[in-house]
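2 protein chains.
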Amino acid sequence: MQSLRATRRPAATRTRERILDASLAMFNAFGEPNVSTNHIADETGISPGNLYYHFRSKDDIVEQLFASYEARIDEALLLPTTRAPNLEDLWLQLHLLFEAIGSYRFLHRDLVDILTRNRRVRIRFARILDRASISATSLLRALVETGVLHAREEDLPPLVENAIALVTFWVGYDTVRSGHFNGHANDPLLGMRRVIALLAPFLDATARAHFERLAAAYGA
Amino acid sequence: MQSLRATRRPAATRTRERILDASLAMFNAFGEPNVSTNHIADETGISPGNLYYHFRSKDDIVEQLFASYEARIDEALLLPTTRAPNLEDLWLQLHLLFEAIGSYRFLHRDLVDILTRNRRVRIRFARILDRASISATSLLRALVETGVLHAREEDLPPLVENAIALVTFWVGYDTVRSGHFNGHANDPLLGMRRVIALLAPFLDATARAHFERLAAAYGA
């Protein structure tokens, strides 16, 4: 059922959103390099000419989708400002990150190719990684200060780098490992397990048990 | 200067090898999706028709290059059979792996896309990961048994999975992080550092110092 707001929206805006929705679904299902603007127009039920009235090129569509992805990632990277972050905050951050990545998995599947072809997206993605690095370092440092994570200050940079590499290439790794795209990219918990395994040697038994309880509560 | 052996080789074999060499160099420099058979024919100084006499398609070239890559990886995965493997064996294995990956970095740069398009390469790559998993588990288990690695048996599977993910996507991570392809993909030590950071919390001070000496000896 369409909402009142949707029915009042101008037709051009609705078409534009339908193009973006169809593009995201097709990119995720088949991989961005395998979907042309003609496929997208077909799927949206419009002519290729109409599609080009809304978007200059497929790259233009990718950039619009990237903006929504970036907003989701930035929301996931937010840390509490009025208290020290704790294990639940780490859990939540990872959960939101892997959910956002699952929703826009086409981007992570062909990341290098997409970034190579689109300079603006490349620059914005590099900045996201910088922000992720700052956020993850703050979070881990707070966990060290509150005695939850037993790591030295010099352990943090390589730990953060490996965490970022594992998160960024989780979709790629899962695809290669499971032998098919969309293997488990929609299950945030499987991606989270990779990062939690990375942190595990720095956690004491209490913190590990805490993670196990969170995993059980989330149905893992 | 051409070797005596090369000059005696039949012309067709020499052309075939020149096509493969040119393809590898161009794939590595520009990314496989961005290089066509026409580009390769141009670079080899032959006609497109002559190229198709030697290879049915670009995928056929990719498969031939993949066979050489697979042989290099399998060589890197060999472990000593007459004695327990030690830290130097781990170092050597990682060094050979990252050298092979650097030589065929085009494959790792667009891994998901290449594997999706080529079923035979996909199956063979999945088997390489299985063999890598077995080899890495044997090696780490031996290090645990000789008291070098302080890990429990249940720590090994997630450790091996994360190591394989970091090695497989090292080229992708480096490209995204450095903002340009061929960033540091040719420097095995930078990739090795990612895996050594992963193992570090399980190593005692002596083993860590040992790795530092190895890194210094290799000019890191």
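Chains as they are written, first to last, in the numbering used here: chain A, 20 to 239; chain B, 20 to 239. Beta carbons are placed, not taken as given, at the ideal position from N, Cα and C, and that holds for glycine.
| Check | Outcome |
| --- | --- |
| Expected contact under 8 angstroms - CB spacing of V186(A) and L130(A) to nearest Å | With 8 angstroms as the limit, V186(A) and L130(A) do not qualify as a contact, their Cβ atoms being about 12 angstroms apart. |
| Contact set between G50(A) and chain B, taken where Cβ atoms lie within less than 8 angstroms | V131, D132 and T135 |
| N47(B), buried or exposed, once every other Cβ within 10 Å from all chains shown has been counted against 16 | buried |
| Coil, strand or helix - N53(B) by DSSP | helix |
| Short CB-CB distance (under 7 angstroms) between F230(B) and chain A | no |
| Chain-ordered neighbours of F188(A) on chain B, where CB pairs are closer than 7 angstroms | A184, F188, G191 and Y192 |
| Candidates N57(B), L106(B), V195(B) and D174(B): closest to S42(B) by CA position | N57(B) |
| For R128(B) and G67(A), the rounded distance between their alpha carbons | Note that residue 67(A) is Pro in the sequence shown here, rather than Gly. Each residue's Cα considered, the two are about 32 angstroms apart. |
| Close Cβ partners of Y123(B) (< 6 angstroms) along its chain, the five nearest in sequence each way excluded | Y88 |
| Pick from H73(A), I80(A) and N105(A) that is closest to F247(A), judged by C-alpha positions | Summary: the structure shown does not reach residue 247(A), with chain A confined to residues 20 through 239, and so no result is reported for it. |
| Straight-line Cα distance separating D93(A) from I241(A) | The structure shown does not extend to residue 241(A), since chain A is modelled only from 20 through 239, so no value can be given for it. |
| Per DSSP, cross-strand counterpart(s) of L109(A) | According to DSSP, which records beta bridges pairwise, L109(A) is partnered with nothing at all. |
| Spatially closest choice to F74(A) from L106(A), I38(A), D61(A) and I120(A), by CA coordinates | I38(A) |
| R128(A) at chain B interface by Cβ criterion, 7 angstroms | yes |
| Beta-carbon neighbours of R75(B), restricted to chain A and to distances below 8 angstroms | By Cβ distance, chain A contributes nothing, its closest Cβ being about 21 angstroms from R75(B), past 8 angstroms. |
| CA nearest to the CA of A30(A), picked from A170(A), S55(A), I65(A) and R141(A) | I65(A) |
| Beta-carbon proximity list for A226(B), same chain, < 7 angstroms, skipping 5 on both sides | L106 and V167 |
| Secondary structure of A239(B), DSSP reduced to three states | Bear in mind that the predicted position of A239(B) carries a pLDDT of just 49, short of 50, making it too unreliable to give a figure here. |
| Alpha-carbon to alpha-carbon, S55(A) and N181(B) | 34 angstroms |
| Cβ pair R150(B), A119(B) closer than 7 angstroms | no |
| Closest residue to L175(B) among A216(B), N205(B), G191(B) and F221(B) (Cα-Cα distance) | F221(B) |
| Neighbour flag for A44(A) against chain C, beta carbons, 7 angstroms | You won't find chain C in this structure, because its protein chains are A and B. |
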